[in-house]
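Trainee: Numbering (my numbering), first residue to last: 111 to 1011.
Yeah, the Cβ is synthetic: ideal placement off N, Cα and C, and Gly gets one too.
Written out as structure tokens, the structure reads:
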């Protein structure tokens, strides 16, 4: 019996008690910042410091009206900043919980998956290649296990870990598997002690935040220069020093969208949270930015483009074929042999033995699987042939294994017959003993396994026709039978006999494997050898006999072809990278439309020779590739200026995931190493989720650019009105209080609302903007200036009209410039397409700001505060009409440009 299955581990009650005693298995974290510290950090912002300086000046000069306005602006901006920061941190914390590592432990005698934070001392861990060790533990049993301890010890190569040795939290299992008993968790573990030293490390701003910060500093310099110009010109006109100083400072603050950093932080954090609700868990905030710029998605096949619910449909043996009925992991179905031949019992038994998956249940007619989906499909097929997993593994005890890896493309096990289970017959349906009590089973890629089979005819070491094998088997057998030469020659002759029948069988198997691969099946070849005595480890894969083939189907996900089409429409190339046979990969890719734009299929050997680099644009499919070759594929695309998202699930995929601009790991079937190396984890393993994430990234970046157009154009208009108005014979068009009021209303709630705007469908119908370009690139700077000129023109027009009628100029300009900016906000909003009221945040924000803007003229107390005068309803309607002009012109421009596209 598989000894790992005998482990019972802790009971649920013992685990709960351990968790209560030792606490969560989590590294120490920095203490949360208090409200007082958050407020102080907001007040250190350069824009707020400018406002505080203006507040001191106004109070010192006795201008309590302007001081009140400035104080309101400071309180409002600080409150919004703190509130947004808390929202962002909560969203990121929620993401951290979603992306938390998991562990396989034995509880109540069953293998279960629990969050790594719930692991307690005494737990029995099951560790496999690709797992990150969740806690310090002592190894109880090990099968060829190697661990990468470079993160802890600096050791550059993986080290072997056998029973009795220790594994440390945070190290990576690179090969084999083991059972280990947890000894230390949390802050007491080796990783926890290191984490305690770095718990106070701060979070660095994202690249976009740094770019916008540099832009803000540039704008501050420009606006301060303009404010100094306004101050100087005012003095030349005979204005008071104090009044012009306050005006200059207020204008400089109003011209810069000081809420931009907070808007960006919240847009990124809440965007990542929205992705998580759509099964795309972002592990690193800058990934949200990069996702919007992706131009190439290099995707694997299984479970991503396909359902991942594999099912064996065909069995082939040298004596006949069989069809396997049923769907997915359902219990219904049977094996129907062609021509009345017997069910391939040896093949089914071997598929159970050379297998690390487990079946549980069934529940409502479905087997519950633990382990690799492909291996689970093999167990389900055996169950349909009445070869039960539990019965076979009770009859055979695994003594040794050589785990599957991408280099070998095969797995080999050695099992010893321990007798039929109680009530069993020892053979037949239970897959019993045939031949010697020691059985070697090898399964893997047909081109690899068939080369190892007697009659494979390749001359590869391990082929039955080489003399080394004969000598090795003879040597083992001589030891086993006390140098009985006759017995040794007889056993070795049985093990390596090559006759015409074997050669024909291998030839037929190659043909059948190719035929099945062309139909889109993943084909697994199985070979075996039996011995009377335990063979040495270095001859396990010699002298093998062909058992048969299993053809596994993994149908394309519903809507996968639509996902490919959506990628192509968005200017994103989809490339299929798989370890499958080239014909299998070609059949799947053709059905999905991947090869329509890039028809060539490259194999791993071509990548190894670098032949793909010059033809990367023409290659749509990479087959029989090794995980390490993905790095070369990613590099080839990046060398051509593309932004690449790469999917992966195995421990060897980690380098490619890190090399890609966006590493995407599978949440359901991916290894812990892959998940921790990735920027994005797909909780549902569906490629459609990547497209959703790309759209979300584009939405966020588009909204930030829209906010920049809105905010900067308003500030530009205010500066222009103050500078140009006096040259047109106008008195000072706006006072300091009015400027700050307009800034507070337009940059407050409407500005934040832009971060939550829905996706504009047109964004996913054109290529993305290069991340190398300025955030103001692709004509945005010109549009900002053009919009600012429009707002400035109607505002100055209102002032001139007021002057000609003998009305109060500042009131007319104040109303027009505020409402015009809000009108531009409405013109720049994303299409709603029947969205509900929850998606109407911008409209509600604009409505609220508009009412407050009008209140500044209608409400007596606010009139006194702002220095405005009441207007008639006819005047109000006139100014409202003027203020709508910029927004209407922008709306017409968007419609015309949209039609041209």
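(1) With respect to the beta strand (DSSP E) encompassing residue 683, which residues constitute its N-terminal and C-terminal limits?
(2) Across which residues does DSSP place residue 246 in a beta bridge pair?
(3) Leaving out five residues before and five after residue 690 in sequence, what residues of the same chain have Cβ atoms less than 7 Å from its Cβ?
(4) Relative to the C-alpha of residue 243, which candidate in 374, 291, 652 has its C-alpha closest?
(5) Beta-carbon within less than 7 Å of residue 956's beta-carbon, same chain only, minus the 5 sequence neighbours each way: which residues are those?
(6) Below 8 Å between beta carbons: does that hold for residue 192 and residue 148?
(7) For residue 974, count the other beta carbons within 10 Å of its own beta carbon; 16 or more makes it buried, fewer makes it exposed. Which is it?
(8) Under a three-way DSSP split, which group does residue 872 fall into?
(9) Can you look up residue 668 in the DSSP assignment and give me helix, strand or coil?
(10) I'd like the ranges of any beta strand (DSSP E) spanning at least 3 consecutive residues and lying wholly in the stretch 355-419.
(11) Does the stretch 795-809 come within contact of the stretch 402-416, defined as at least 3 CB pairs closer than 8 Å?
(12) Return the first residue and the last residue of the beta strand (DSSP E) that residue 781 is part of.
(13) From residue 476 to residue 784, what distance separates their C-alpha atoms?
(14) Cutting at 7 Å between CB atoms, please list the residues of its own chain near residue 258, excluding the five before and the five after it.
(15) Check the C-beta distance from residue 775 over to residue 755 and give it rounded, since I have them as a contact under 8 Å.
(16) How many Å lie between residue 488 and residue 816 at the Cα?
(17) Could you pull out every residue in the same chain whose Cβ sits closer than 7 Å to the Cβ of residue 651, ignoring the five residues on either side in sequence?
(18) Would residue 385 pass as a contact of residue 676 if the rule is Cβ separation under 8 Å?
(19) Based on the DSSP output, what are the partners of residue 729 in its beta bridges?
(20) What is the rounded straight-line gap between the Cα of residue 549 and the Cα of residue 752?
(21) Exposed or buried, residue 342, counting other C-beta atoms within 10 Å across all chains shown (16 or more means buried)?
(22) Going by alpha carbons, who is nearest to residue 849 out of 627, 359, 271?
(23) For the alpha helix (DSSP H) that residue 494 lies in, which residues bound it at each end?
(24) Out of 968, 558, 678, 674, which has the shortest C-alpha to C-alpha gap to residue 637?
(25) Only counting the same chain, and skipping five residues up and downstream in sequence, which positions put a Cβ closer than 6 Å to that of residue 826?
(26) Could you spell out the range, first to last residue, of the alpha helix (DSSP H) harbouring residue 72?
(27) If you draw a straight line from the alpha carbon of residue 122 to that of residue 240, how long is it in whole angstroms?
(28) State the beta-bridge partners of residue 523 as determined by DSSP.
(29) Tell me the residue span of the beta strand (DSSP E) that contains residue 951.
(30) Examine the Cβ distances between the stretch 489-499 and the stretch 420-430 and report whether three or more of them are shorter than 8 Å.
(31) Short of 6 Å in beta carbon distance, which residues of its chain neighbour residue 428, apart from the five on each side in sequence? Order them along the chain.
(32) If you follow the beta strand (DSSP E) that residue 212 is part of, which residue opens it and which one closes it?
(33) Starting from the C-beta of residue 161, find all residues in its chain whose C-beta is less than 7 Å away, skip the five residues before and the five after it, and write them out in chain order.
(34) On the DSSP letters alone, give me the boundaries of the beta strand (DSSP E) that residue 423 sits inside.
(35) For chain D, find out if any of its Cβ atoms is closer than 8 Å to the Cβ of residue 867; answer yes or no.
(36) Per DSSP, residue 252 is paired with what?
Mentor: Let me spell this out:
(1) Taking the first residue of the chain shown as position 1, residue 683 is located at position 573. Segment 683-687, the beta strand (DSSP E) holding residue 683.
(2) Indexing the chain shown from 1 puts residue 246 at position 136. BP columns for residue 246 point to 294.
(3) One-based indexing of the chain shown puts residue 690 at position 580. Answer for residue 690: 411, 632, 733, listed in chain order.
(4) Walking along the chain shown from the start, residue 243 turns up at place 133. Comparing Cα positions, the closest option is 291.
(5) Taking the chain shown and counting its residues from 1, the one referred to as residue 956 is at position 846. These residues qualify, in order along the chain: 860, 932, 935, 936.
(6) Counting from one through the chain shown, the residue named residue 192 turns up at place 82. Counting from one through the chain shown, the residue named residue 148 turns up at place 38. For residue 192 and residue 148, yes; Cβs fall inside 8 Å.
(7) Locating residue 974 in the chain shown gives position 864, counting from the first residue. Result: exposed.
(8) Stepping through the chain shown from its first residue, residue 872 is reached at position 762. Helix at residue 872.
(9) By 1-based counting over the chain shown, the position of residue 668 is 558. In this structure, residue 668 counts as coil in the three-state DSSP scheme.
(10) 390-392, 406-409
(11) yes
(12) For the purposes of this step, residue 781 is taken as the residue at position 671 of the chain shown. Unbroken run through residue 781: none, as it is neither H nor E.
(13) Along the chain shown, one-based indexing puts residue 476 at 366. Along the chain shown, one-based indexing puts residue 784 at 674. Using only the alpha carbons, I get a separation of about 28 Å.
(14) For the purposes of this step, residue 258 is identified with residue 148 of the chain shown, where counting begins at 1. Here the set comprises 268, 281, 282, 284.
(15) What you label residue 775 is simply residue 665 of the chain shown in a count that begins at 1. What you label residue 755 is simply residue 645 of the chain shown in a count that begins at 1. The pair is not a contact, with the Cβ atoms about 11 Å apart (cut-off 8 Å).
(16) Locating residue 488 in the chain shown gives position 378, counting from the first residue. Locating residue 816 in the chain shown gives position 706, counting from the first residue. In a straight line, the C-alpha of residue 488 is about 54 Å away from that of residue 816.
(17) Working through the chain shown from its first residue, we reach residue 651 at position 541. Around residue 651: 522, 552, 562, 572.
(18) As a first step, residue 385 is located in the chain shown; it is residue number 275 there, counting from the start. As a first step, residue 676 is located in the chain shown; it is residue number 566 there, counting from the start. No, the pair does not count as a contact, with Cβ atoms beyond the cut-off.
(19) Walking along the chain shown from the start, residue 729 turns up at place 619. Looking at the DSSP assignment, residue 729 forms a beta bridge with 710.
(20) For the purposes of this step, residue 549 is taken as residue 439 along the chain shown, with counting starting at 1. For the purposes of this step, residue 752 is taken as residue 642 along the chain shown, with counting starting at 1. Distance between the alpha carbons of residue 549 and residue 752 is about 51 Å.
(21) Stepping through the chain shown from its first residue, residue 342 is reached at position 232. Exposed.
(22) Working through the chain shown from its first residue, we reach residue 849 at position 739. Here the closest residue by C-alpha is 359.
(23) As a first step, residue 494 is located in the chain shown; it is residue number 384 there, counting from the start. Its alpha helix (DSSP H) spans residues 483-494.
(24) What you label residue 637 is simply residue 527 of the chain shown in a count that begins at 1. Considering only alpha carbons, the answer is 558.
(25) Taking the first residue of the chain shown as 1, we reach residue 826 at position 716. Result list for residue 826: 898, in chain order.
(26) Within the shown structure, residues of the chain are numbered from 111 to 1011, placing residue 72 beyond reach of any answer.
(27) Mapped onto the chain shown, residue 122 falls at position 12. Mapped onto the chain shown, residue 240 falls at position 130. Roughly 26 Å between the two C-alpha positions.
(28) As a first step, residue 523 must be located in the chain shown, where it is residue number 413. Paired residue(s): 511, 551.
(29) In the chain shown, the residue the question calls residue 951 occupies position 841. It is not in any beta strand (DSSP E) - residue 951 instead sits in the alpha helix (DSSP H) that spans 951-968.
(30) yes
(31) Working through the chain shown from its first residue, we reach residue 428 at position 318. Contacts found: 615.
(32) By one-based count along the chain shown, residue 212 stands at place 102. Unbroken beta strand (DSSP E) run through residue 212: 212-217.
(33) For this step, residue 161 is matched to residue 51 along the chain shown. Within the same chain, residue 161 has close Cβ partners 180, 183, 184, 363.
(34) As a working note, residue 423 is residue 313 in the chain shown. Residue 423 -> beta strand (DSSP E) spans 421-427.
(35) The chain labelled as chain D is not found in the depicted structure, where only one protein chain is given.
(36) Indexing the chain shown from 1 puts residue 252 at position 142. Bridge partners of residue 252: 288.
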